[in-house]
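Its first residue numbered 1077, the sequence shown is counted upward by one per residue in this note's numbering.
We put the beta carbon where it would ideally sit given N, CA and C, even for glycine.
Predicted model only: the values in this text are computed from it and were never measured.
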Amino acid sequence: MLKILGIETSCDETAVAIVSEDKSILSNQVASQIEHNQYGGVVPEVASRSHMRALDKLVDLALEESGVKLDEIDAIAVTSGPGLIGGVIVGVMYAKAIAASLGKPILAVNHLEGHALTARLTDEVEFPFLLLLVSGGHTQFLVVKNVGEYELLGTTLDDAVGEAFDKTAKLLGLGYPGGPQIEKCSKSGNPKRFKFPRPLANQKNCSLSFSGLKTAVRRELEKSEKDETLTCDIAASFQEAVADVLAVKTKYAIQEFLSKYGSGKSFVLSGGVAANQSIRGKLESVCSENGFAFHAPPIHLCGDNAAMIAWAGIEKYKLGHKDNLNFKPKSRWPLG
């Protein structure tokens, strides 16, 4: 049974996992870097140093929990981009050291492809499928034709969804990371109180924009004295606007997908923002109305994790893809 060790260090989560080809997650270790909370965002140098401190311990924990010995690992898969380049370098060099010392194959994995293929780890999703990747740094509609084969249908023209959540949460004084904080606050708020704009919703394409929403929130805050009720109402109204935009654009993406690919009616929502229950619910309804099967990873696999990197490594390995030890980490590495 093929077993791969995955390593993820692209941002502020240090993660190590061991996954087998029968889709068993034998161990999935994640160390969150809470020290960034005091800065209101991720500090690259702090993140890199935290990765260096955590990796040895996490590998030991993963091996102990899985009952797998290091020399029983068939290959090492590591996030090689995109991401904060300092953190990516830490993970890549660590993975190369393990691979070289054991004489094991190494697989350079695109972090975005890890998110894209997670649904194939947790569900029975066949190629091709329609993907909406929503994270802190990326928001894009893609057709996933196969491992390593992607067609970009549309992306954000400015802020990614996760970035918009983080910036709005900062304006509201809710802390970092913004997505979970806004979702929590929204539960006590009125999503109909503020009529925030739905940018580009009338354009019949897959392009997105979220910077105007952040500006609308700031202007609303400037009008009134902030209290808990106002904060939660703004959070709920902002979240509703984001969900509405994604729902409208998903309809256009489905139409474009069907016009190009008659076969395959699976829609996958992935990335950190896929954990938002309001967004999940609205997009699941859109899929149901259009005859598409909705898939999203379980909450604990939506954010950055190494299980998705290990699984992407398994997919690549089974197709005969392997990398030399001289590959370079990348700060930018688009899909499609």
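Item                                                                                                                     : Value
Contact check, Thr1232 vs Gly1190, beta carbons under 8 Å                                                                : no
Val1118 (DSSP reduced to helix, strand or coil)                                                                          : coil
Residue range of the alpha helix (DSSP H) that includes Val1318                                                          : 1304-1336
Ala1130 beta carbon less than 8 Å from that of Ala1386                                                                   : no
For Lys1325, the nearest candidate out of Ser1339, Asp1303, Leu1306, Lys1280 (CA to CA)                                  : Lys1280
Delimiting residues of the alpha helix (DSSP H) encompassing Phe1241                                                     : 1237-1248
Backbone CA spacing between Gln1353 and Arg1269 [nearest angstrom]                                                       : 20 Å
Reference His1214, options Lys1145, Glu1225, Ser1100, Leu1284, closest by Cα                                             : Leu1284
Whole-angstrom distance between Pro1374 and Asp1234, CA atom to CA atom                                                  : 28 Å
Three-state secondary structure (DSSP) of Gln1216                                                                        : strand
Nearest candidate by alpha-carbon position, reference Ile1149, set Ser1335, Val1122, Leu1183                             : Leu1183
Opening and closing residue of the alpha helix (DSSP H) in which Tyr1170 lies                                            : 1161-1178
Coarse secondary structure for Tyr1226, derived from DSSP in three states                                                : strand
Contacting residues, own chain, Cβ-Cβ under 7 Å from Val1144 (five flanking each side not counted)                       : Lys1079, Ile1094, Leu1102
Bounding residues of the alpha helix (DSSP H) (the contiguous stretch that carries Ala1383)                              : 1383-1394
Buried/exposed call for Asn1381, threshold 16 Cβ in 10 Å                                                                 : buried
Neighbourhood of Ser1142 by C-beta distance below 7 Å, restricted to the same chain and skipping five residues each side : Ile1094, Leu1102, Ser1103
Straight-line Cα distance separating Pro1405 from Glu1316                                                                : 37 Å
Bridge partners - Thr1090, DSSP secondary structure assignment                                                           : Ala1107
Three or more C-beta pairs below 8 Å linking the stretch 1157-1168 and the stretch 1116-1128                             : yes
DSSP state of Ser1070 mapped onto helix, strand, coil                                                                    : Limits of the chain in this structure are 1077 at one end and 1412 at the other, which puts residue 1070 out of reach.
The beta strand (DSSP E) enclosing Leu1206, as first and last residue numbers                                            : 1205-1210
Residue from Ala1107, Asp1242, Val1135 whose Cα sits closest to the Cα of Tyr1170                                        : Val1135
Inter-stretch contact (C-beta, 8 Å, three-pair minimum) for the stretch 1360-1370 and the stretch 1328-1341              : yes
For Ser1096, the three-state DSSP class (helix, strand or coil)                                                          : strand
Straight-line Cα distance separating Asp1303 from Leu1193                                                                : 42 Å
8 Å contact criterion, which Met1077 and Leu1197 should meet: CB distance rounded                                        : That belief does not hold up - the Cβ atoms of Met1077 and Leu1197 are roughly 15 Å apart, past 8 Å.
In DSSP terms, what Phe1343 is bridged to                                                                                : Leu1206, Phe1370
Closest by C-alpha distance to Phe1272, when choosing among Glu1259, Ile1390, Ser1313                                    : Ser1313
Residues that Ile1182 bridges to, as DSSP identifies them                                                                : Ile1152, Asp1399
Same chain only: Cβ atoms within 8 Å of Phe1286, ignoring 5 sequence neighbours per side                                 : Thr1215, Thr1232, Asp1234, Asp1235, Ala1236, Val1237, Glu1239, Ala1240, Pro1275, Val1318, Val1321
Cβ-based neighbour list, Leu1208, same chain, cut-off 6 Å, excluding 5 preceding and 5 following                         : Phe1217, Leu1345
Terminal residues of the beta strand (DSSP E) in which Gly1082 lies                                                      : 1079-1084
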